[in-house]
Amino acid sequence: MFQNVMDYLGFGDDIKDDFDFVLFIDKDKRFTFREFCQKVAQAAFHFIEKEVLHQPVAVVADHCTDTLAWYLGALASGNYYVPVNPDIKEDKLERIKSLAGISHVCRGGLDCPRQFSDDELSEAFRTFQDIYRNVPADLPMYVIFTSGSTGEPKGIIKTHQGMISFIDAYVREFHFNRDTCLASQTPFYFDASAKDIFTALKVRCPMHMLDSKLFLMPLKLGEYIRDNHINTLQWVPSALSILSTLKVFEKADLTTIQKVLFVGEVFPPKQLKAWMEALPDTEFVNLYGSSEMSGICAFYRVKEMPANGSVPIGYPLSNSRLYLVDDGKVIHEPDVVGEIYVASDALAAGYLKDTEKTAAVFTGRPSPDLPEGTYYRSGDLAKYGKDDELVFVSRRDYQIKHMGHRIELGEIETITLGVPGVEKCCCIYHDSKITLFYTGSIDKAGLSRQLRERLLSYMVPNRVVWMENLPLNANGKIDRTQLLDKVINRKVIK
Amino acid sequence: MDELMEFLEELHPDVDYETCDTLIDDGILDSFDIISIISEVADMFDVTISAEYIVPENFNSAQALYDLITYLEDEG
Numbered sequence: 268m269f270q271n272v273m274d275y276l277g278f279g280d281d282i283k284d285d286f287d288f289v290l291f292i293d294k295d296k297r298f299t300f301r302e303f304c305q306k307v308a309q310a311a312f313h314f315i316e317k318e319v320l321h322q323p324v325a326v327v328a329d330h331c332t333d334t335l336a337w338y339l340g341a342l343a344s345g346n347y348y349v350p351v352n353p354d355i356k357e358d359k360l361e362r363i364k365s366l367a368g369i370s371h372v373c374r375g376g377l378d379c380p381r382q383f384s385d386d387e388l389s390e391a392f393r394t395f396q397d398i399y400r401n402v403p404a405d406l407p408m409y410v411i412f413t414s415g416s417t418g419e420p421k422g423i424i425k426t427h428q429g430m431i432s433f434i435d436a437y438v439r440e441f442h443f444n445r446d447t448c449l450a451s452q453t454p455f456y457f458d459a460s461a462k463d464i465f466t467a468l469k470v471r472c473p474m475h476m477l478d479s480k481l482f483l484m485p486l487k488l489g490e491y492i493r494d495n496h497i498n499t500l501q502w503v504p505s506a507l508s509i510l511s512t513l514k515v516f517e518k519a520d521l522t523t524i525q526k527v528l529f530v531g532e533v534f535p536p537k538q539l540k541a542w543m544e545a546l547p548d549t550e551f552v553n554l555y556g557s558s559e560m561s562g563i564c565a566f567y568r569v570k571e572m573p574a575n576g577s578v579p580i581g582y583p584l585s586n587s588r589l590y591l592v593d594d595g596k597v598i599h600e601p602d603v604v605g606e607i608y609v610a611s612d613a614l615a616a617g618y619l620k621d622t623e624k625t626a627a628v629f630t631g632r633p634s635p636d637l638p639e640g641t642y643y644r645s646g647d648l649a650k651y652g653k654d655d656e657l658v659f660v661s662r663r664d665y666q667i668k669h670m671g672h673r674i675e676l677g678e679i680e681t682i683t684l685g686v687p688g689v690e691k692c693c694c695i696y697h698d699s700k701i702t703l704f705y706t707g708s709i710d711k712a713g714l715s716r717q718l719r720e721r722l723l724s725y726m727v728p729n730r731v732v733w734m735e736n737l738p739l740n741a742n743g744k745i746d747r748t749q750l751l752d753k754v755i756n757r758k759v760i761k
Numbered sequence: 104m105d106e107l108m109e110f111l112e113e114l115h116p117d118v119d120y121e122t123c124d125t126l127i128d129d130g131i132l133d134s135f136d137i138i139s140i141i142s143e144v145a146d147m148f149d150v151t152i153s154a155e156y157i158v159p160e161n162f163n164s165a166q167a168l169y170d171l172i173t174y175l176e177d178e179g
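Residue numbers (the numbering used here), protein chains in the order written: chain A, 268 to 761; chain B, 104 to 179.
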């Protein structure tokens, strides 16, 4: 039976019970559930008045309450939303709009000139119910765009059913409740923010939207966490590392933090160790997943630092099944490497208008030994450890995770090759840094300036190195191994 | 100072560090750059920039950063 996320989150019931509860805090403003519902209603009426129905609407995802009100307003009015990065380049936004068929772009401005009375608000949500309960069953909940290897944006279709399955399993596994207090670091245009947003909305707990400037002032960040009794962090390791690298623990008491769930990249062992030593009673959890695989589909509770520093992927979340498959055979024994396949109610519904790419990763069963159904092919190679936990081995291709963002190195290379004066180039990822090697007549400063204009900030290479020629291997291809050696041994570059 | 400039230029080759005094205010340096700078400064000058000194004023220009390092060196 189709259930809409709006119903799952309880917007159909007696929302009045929770009206005075502070739900969202952004900058210096605090919004109670009543105030948030006002904004949602305002956003929903905006679409209803414009007769936008069963349509995608783009929302410029600033890190504030209005963004979330636009998301839910789109759902309440029977539409679906497409988050976009506020720093998106104009041409990329146009490509997304035409690919998804978007005619409306919304941003902020939900200041509610007219306040609805409580009765009016309940009445409004009853009106919305009639609309959102009658949307076509295959209408997405949202479409999230990520970087594709050719530079073309890739839209991942997320469903109501997937979100409900994920949040249900996630909230249960980690015991989130009304006493949880979240600090949201992940920008709302990344799918990883769903576990903050929808946990807060489901359990009705406060969520602080952290100003990104706070991460430039680590002591203030520490004090903010302490003063606001924040007890749960779901951040990328790079953000967590800011507090540990700068030894903020020594200056601000962060023992309010009960849970640290990290995701998106490898946590540098030294930093994770510093966290665990500073907060011995805190639960540390490594999360594994991606937008295609239901957000999070596996986790590992870190009790002590593994001897080799590498934290396992761990075990499946209750709504997911993970299999290791090699050459059509399901692997059960330890230490044999295979590719991770995921089966779950929460899998995405595929890529927008790209049946080829969808069919390539959302496949039938990869082995006759498995039940029939849809499986997501992750591209991650892994093996089982001694306690049947999954342990990451490597990526099958050149997709990387950098500062929590998924990046295809191929996309950076494609865009670099489009800069006049560049002949050849190659990106190497090592030790959390992207190094771009190139040949051609343009100088480093000129190229950097061009890349800054053409790439999103997190994709801009950390180092740019000019070379007379790029080294080639026996097959005449750019020799990535030799370039990696150069990166590791930085002296050679200078 | 030269060594510091060389490192900063490698971080963002397109920035004119001689004149720019809004490295933080204009979002040229992000939090990950700050981390790189702090670890590089620790290696280069044997100076630890602790959390209370990590405020925009100290990172808005190369000169301000250099002044901070000199101050911390004298302190140490």
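Yeah, the Cβ is synthetic: ideal placement off N, Cα and C, and Gly gets one too.
No experiment lies behind these values; they were computed from the predicted model shown.
The beta carbon of Ile-674 (chain A) sits closer than 8 Å to the beta carbons of Ser-414, Gln-666, Ile-667, Lys-668, Ile-701, Tyr-725 and Met-726 from its chain, once the five residues preceding and following it are set aside; these are given in chain order. Within the stretch 478–540 of chain A, the runs of beta strand (DSSP E) at least 3 residues long that lie entirely inside it are, in chain order, 499–502 and 526–529.
Around the beta-carbon of Gln-452 (chain A), 16 or more other beta-carbon atoms lie within 10 Å, marking it buried.
Looking at the DSSP output, Gln-666 (chain A) sits in a beta bridge with A:Glu-675. Here His-475 (chain A) is bridged, per DSSP, to A:Ile-292 and A:Ala-450. Residues of the stretch 711–723 of chain A whose Cβ lies closer than 7 Å to any Cβ of chain B, in chain order: Lys-711, Ala-712, Ser-715, Arg-716 and Arg-719.
Looking only at A:Thr-683, A:Tyr-608 and A:Glu-532, the smallest Cα-Cα distance to Asp-647 (chain A) is reached by A:Tyr-608.
Non-local C-beta neighbours of Arg-297 (chain A) in its own chain, meaning closer than 7 Å and more than five positions away in sequence, comprise Val-289, ordered along the chain. Listed in chain order, the non-local C-beta contacts of His-496 (chain A) below 8 Å within the same chain comprise Cys-448 and Thr-523, local neighbours out to five positions each way being set aside. The C-beta separation of Leu-584 (chain A) from Ala-436 (chain A) comes to about 5 Å, placing the pair in contact by the 8 Å criterion. If you draw a straight line from the Cα of Phe-392 (chain A) to the Cα of Tyr-399 (chain A), it is about 10 Å long. Beyond the five residues adjoining it in sequence on each side, Phe-110 (chain B) comes within less than 6 Å, by CB distance, of Glu-143 in the same chain, given in chain order. Per DSSP, Arg-719 (chain A) is one residue of the alpha helix (DSSP H) stretching across 711–721.
The beta carbon of Asp-520 (chain A) lies closer than 8 Å to those of Arg-493 in the same chain, with the five residues before and after it left out. Counting only the Cα atoms, Pro-504 (chain A) lies some 5 Å from Phe-534 (chain A). Under DSSP, the beta-bridge partners assigned to Lys-691 (chain A) are A:Thr-706. By the Cβ rule, the stretch 507–517 of chain A does not count as touching the stretch 460–477 of chain A, because fewer than three pairs are nearer than 8 Å. Asp-124 (chain B) is outside the set of residues whose beta carbon lies under 8 Å from a beta carbon in chain A.
Look at Lys-753 (chain A): its C-beta is not under 8 Å from any C-beta on chain B.
Cys-373 (chain A) is bridged by DSSP to A:Val-326. Taken atom to atom, the span from the alpha-carbon of Ala-367 (chain A) to that of Val-349 (chain A) is near 9 Å. Burial state of Ser-365 (chain A) is exposed, judged by a 10 Å Cβ sphere holding fewer than 16 other Cβ atoms. The way I'd put it, the stretch 350–360 of chain A does touch the stretch 315–327 of chain A; three or more beta-carbon pairs between them come closer than 8 Å. Residue contact check for Ser-134 (chain B) against chain A: a CB pair falls below 8 Å. For Ile-423 (chain A), the enclosing beta strand (DSSP E) has its first and last residue at 420–425. Pairwise C-beta distances place the stretch 626–639 of chain A out of contact with the stretch 648–663 of chain A, as fewer than three of them are shorter than 8 Å. When C-beta atoms of the stretch 476–484 of chain A are compared with those of the stretch 636–644 of chain A, fewer than three pairs fall below 8 Å, so the two segments do not count as touching.
For Val-372 (chain A), none of the residues of chain B pass the 7 Å Cβ criterion, the least Cβ distance being about 23 Å.
Your pair Gln-396 (chain A) and Gln-305 (chain A) does not check out as a contact, with CB atoms roughly 17 Å apart and the cut at 8 Å. Residue environment analysis places Ser-699 (chain A) among the buried positions, since at least 16 neighbouring C-beta atoms fall within 10 angstroms of its C-beta.
Residues Trp-733 of the same chain have their beta carbon placed closer than 8 Å to that of Asp-710 (chain A), with the five preceding and five following residues left out of the count. Listed along chain B are Ser-134, Ile-137, Ala-154 and Ile-157, each with a C-beta nearer than 9 Å to that of Pro-485 (chain A). According to the DSSP assignment, Gly-340 (chain A) belongs to no beta strand (DSSP E) but to the alpha helix (DSSP H) extending over 332–343. Per the C-alpha coordinates, the member of A:Ala-506, A:Pro-485 and A:Ser-558 positioned closest to Phe-516 (chain A) is A:Pro-485.
Here DSSP, grouped into helix, strand and coil, assigns Ser-699 (chain A) to coil. Just so you know, the alpha carbons of Leu-468 (chain A) and Val-438 (chain A) end up roughly 11 Å apart.
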